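Okay, structure first, notes after.
2 protein chains.
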Amino acid sequence: MIFARRRARTVVFAEHGDPAKVLRAHRYRLPKLDKGQVRLRFELGAVNPADINVIQGVYPSKPQVREDIGPEPVSIMGNEGVATVEGFEEDGEVENKLKVGDRVVMGAPQLGTWQSHANIPFSSLIPLPASSPLSLRQAATLAINPPTAWRMLSDFVPLNPEEPARGGESKSRKKQWVIQNGANSAVGVAVIQLAREWGVGTINLVRDRPSIDELKQSLTALGADHVLTYDEFLSRDNNTRQKIKEWVGKDGELRLALNCVGGKETAEMAKLLAMDGRLVTYGGMAKTALALPPSLFIFKRLVSTGFWLSNWVQTHPSERQTMMQRLAALVHGGKLREPETEVVSLAGTDEEVAQVLRNVMTRVQEGRGKKVLLHWKDE
Amino acid sequence: MIFARRRARTVVFAEHGDPAKVLRAHRYRLPKLDKGQVRLRFELGAVNPADINVIQGVYPSKPQVREDIGPEPVSIMGNEGVATVEGFEEDGEVENKLKVGDRVVMGAPQLGTWQSHANIPFSSLIPLPASSPLSLRQAATLAINPPTAWRMLSDFVPLNPEEPARGGESKSRKKQWVIQNGANSAVGVAVIQLAREWGVGTINLVRDRPSIDELKQSLTALGADHVLTYDEFLSRDNNTRQKIKEWVGKDGELRLALNCVGGKETAEMAKLLAMDGRLVTYGGMAKTALALPPSLFIFKRLVSTGFWLSNWVQTHPSERQTMMQRLAALVHGGKLREPETEVVSLAGTDEEVAQVLRNVMTRVQEGRGKKVLLHWKDE
């Protein structure tokens, strides 16, 4: 099959800096398809907090610098998203595994999902099962946050009954609990639902807001056992420590804390953990160091560690396949709902698009609003 | 054998509080020896920073409250020391393993080594090998700090060639390095010497002081590869990060940091570690939380953990025996020198003894001077 060199629209930056300033929109013709590459039309490109750090230049995984798409070298943004297969060169290898119209999500980091079209190597893509069709919003939010939640519940304190325990950790007979901050984040809501699916109790911390009752209800509807604001959690008047001990009870055990914020309540979460607890950090939205008392490490054998999916996937390719299939089935079966999302359409002149993007970046940096999914309108 | 009920002198506290205030000296008659107990004469009772926390009531391992030795319930101080066997009731079990005049160190926590005499269960004692006789100072400082150093070099990043690696960690072929703060502490000097014995490089951080050149020389003589003051370490002018990278070199790897202080230089130590580094905390002399950037956990797979010998010995009784024999042999062979110590004699009235103790406590709290060994003078 011979393709015309398709025109694509894309979001790029030439230099690292403030995301609300350096992003630009750009048009270019896609290069010729190489053997093994797949021509994609992106349906939705997800915006994650980590994208901010990519643009700032402080994220270890960086998009390729491209010299072939404009007058100066630029990087194309976008790590997560869903695309439709438009075609590929006649090539036995790809043909057996993919057909035009199939949906794919990204199997490698920083492939550039914030563009309308792209040529991507087949080996970097994860085809979605046609047998359990997901909505575009479901698919666009599947590849990063739910796997992060799955791994964090499985790899440190083995709470996932579908996977064998490793590293000498045996699964306890006590009912297991997990406490997490940023509980309404995309990872947080996946944690709540996977934990419910696996019989694990959750204590969920969120920021106070005018619509806090509504947020508490929505997380409870997803399966959250308890939802507290940070103020409620830290307040001495409420005697929250005691309450949490009662929730967990003598037949329960709280050994896992998940942290994407940092700051004071992270240390308080760690203090609540039983002997041999694990504090797993996967984000640092408060931009402060974790402040942890030495005594927790020495006497309560706390282990503070981190999780980054990009690291994990490099060493676990086959486990990832199995996990993605299970996650897609859970989403398809209604057991795992995607986070609340808002589709932002990109259309008009490059400058109009850039203005829309800058507003989105400001919102993401402030941690406000739903998860944004970018969609390029057809021209 | 029938013993007269021996008079003993002891250091006690009735209530937790400021170590420079609540310690008292006390005379009492030892109770009758029970079956399985051994009558000891303490030669030296060591004073460790953790003893301060015991007296303050903030240490998880507490001495027994004794109602049999005075008008009010008191706790007898002392966790580490060396004693001579004065005798035991005729008892086949003990007789086969011990004889009068043998030297023993403590095999259980908080047995009360700051007294002149005591009855201690045989099962709580570790007899020292008569074949490799140690000096009293060597023996008094053997049971806690050198084992702590041994375990921290063995259990997290496997640097000890005498023990099999565990937990899936394989020993690397690269020359291994360790960085530690409080490097002139009793644990610190054991780390330096065990590391030298095992071919591991050490980067050692100490507080600046008028006699810093002398201290650097003495640690270098023990086998320290590099010694830096905290100021030298943190200074940007000196470009110390770059220097340390050069010291470790491409054929070397720095994956272990040992922390007994806390504070700013702990985070800096952690930042220097290679991927999959381990920060092991065994003390918190700066009395501040560890402040660690989330990015180290997420992207560099830092694991921050702790070590407390009292926890470890409970689950590793036979490994401990082997380790103690090896440590005694290293000390006897001149490969492991005890830390610098000062023997403080206790004599005179109870009030005079209490005054001496309070001065010692003040010094220990300020982290000044050599390690103190208490010795009760015969009356």
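Which chain is which? The protein sequence lines are A and B, in order. For the first sequence, the positions run 1 to 379 when full-length UniProt numbering is used. For the second sequence, the positions run 1 to 379 when full-length UniProt numbering is used. Think of the CB as a built atom: it goes at the ideal place given N, C-alpha and C, for glycine as much as any other residue. None of the values given here were measured: they were computed from a predicted structure.
CB of residue i within 8 Å of CB of residue j, strictly
i             : j        : result
Ser61/B       : Gln138/B : no
Pro375/A      : Glu86/A  : Inspection of the sequence shows that residue 375/A is occupied by His rather than by Pro. No; because the gap between Cβ atoms is not below 8 Å, this pair is not in contact.
His117/A      : Leu23/A  : no
Ile192/B      : Ala186/B : no
Phe297/B      : Gly306/A : yes
Trp114/A      : Leu159/A : no
Ala140/A      : Ala46/A  : yes
Val12/A       : Ile76/A  : yes
Ala143/A      : Val105/A : yes
Pro147/B      : Leu330/B : no
Leu136/B      : Leu128/B : no
Val178/A      : Leu258/A : yes
Ala195/A      : Leu153/A : yes
Glu253/A      : Ser172/A : yes
Ala190/B      : Ala130/B : no
residue 390/B : Gly283/B : Past the boundaries of the shown model lies residue 390/B; chain B is included only from 1 to 379, so the question cannot be answered.
Arg5/A        : Lys32/A  : yes
Lys35/B       : Glu89/B  : yes
Contacts of residue i in chain B (Cβ-Cβ under 9 Å)
i        : result
Val303/A : Val303, Ser304, Thr305, Gly306
Pro109/A : Residues of chain B passing the Cβ test: none, with the nearest at roughly 12 Å.
Residue span of the beta strand (DSSP E) that contains residue i, given as start and end
i             : result
Asn48/A       : Asn48/A -> no beta strand (DSSP E), and no H or E assigned at all.
Met106/A      : 103-106
Lys371/A      : 371-376
Lys175/B      : 175-180
Ala83/A       : 80-88
residue 381/B : Because chain B here runs from 1 to 379, residue 381/B falls outside it and cannot be looked at.
Thr10/A       : 7-13
Ser61/B       : Taken as a continuous stretch (DSSP letters only), Ser61/B belongs to no beta strand (DSSP E), as it is neither H nor E.
Ala257/A      : 252-259
Val206/B      : 201-206
Leu30/B       : Note, Leu30/B: premise wrong, no beta strand (DSSP E); not H, not E.
Partners in chain B for residue i, counting only beta-carbon separations shorter than 7 Å
i        : result
Ala289/A : Ala267, Ala291, Leu292, Pro293
Pro60/A  : Phe299
Residue i at chain D interface by Cβ criterion, 8 Å
i        : result
Ile298/B : Absent from the structure is chain D; the protein chains it does hold are A and B.
Beta-carbon neighbours of residue i, restricted to chain A and to distances below 7 Å
i        : result
Gly188/B : What Gly188/B touches in chain A: nothing, since even the nearest Cβ is about 16 Å away.
Gly262/B : Pro294
Per-residue burial, residue i [other beta carbons within 10 Å of its own, 16 or more giving buried]
i             : result
Asp51/A       : buried
Met361/A      : buried
Pro19/B       : buried
Ala354/A      : buried
Glu338/A      : buried
Thr266/B      : buried
Pro294/B      : buried
Ala83/B       : buried
Pro317/B      : exposed
Leu65/B       : One detail in the question is off: residue 65/B reads as Val in this sequence, not Leu. Val65/B is exposed by the Cβ-count criterion.
Arg368/A      : exposed
residue 407/A : Here chain A has residues from 1 to 379 only, and residue 407/A is not among them.
Lys300/A      : buried
Asn145/B      : buried
Chain B contact residues for residue i, given Cβ-Cβ distances below 8 Å
i        : result
Thr281/A : Pro294, Phe297, Ile298
Gly284/A : Pro293, Pro294, Ser295, Ile298
Endpoints, the alpha helix (DSSP H) within which residue i is located
i        : result
Arg196/A : 186-197
Glu72/A  : Neither: Glu72/A is in no alpha helix (DSSP H) and is coded neither H nor E.
Ile244/A : 240-248
Ile298/B : 294-299
Leu215/A : 212-222
Val22/A  : 19-22
Leu98/B  : Unbroken run through Leu98/B: none, as it is neither H nor E.
Thr266/A : 264-272
Ser310/B : 309-315
Contacts of residue i in chain A (Cβ-Cβ under 8 Å)
i        : result
Asn311/B : Phe299, Arg301
Unbroken beta strand (DSSP E) runs of length 3 or more, entirely within the region 331-367 of chain B: which are they? 341-346
In the region 138-166 of chain B, which residue ranges form an unbroken alpha helix (DSSP H) of at least 4 residues, counting only runs that do not cross its ends? 145-154
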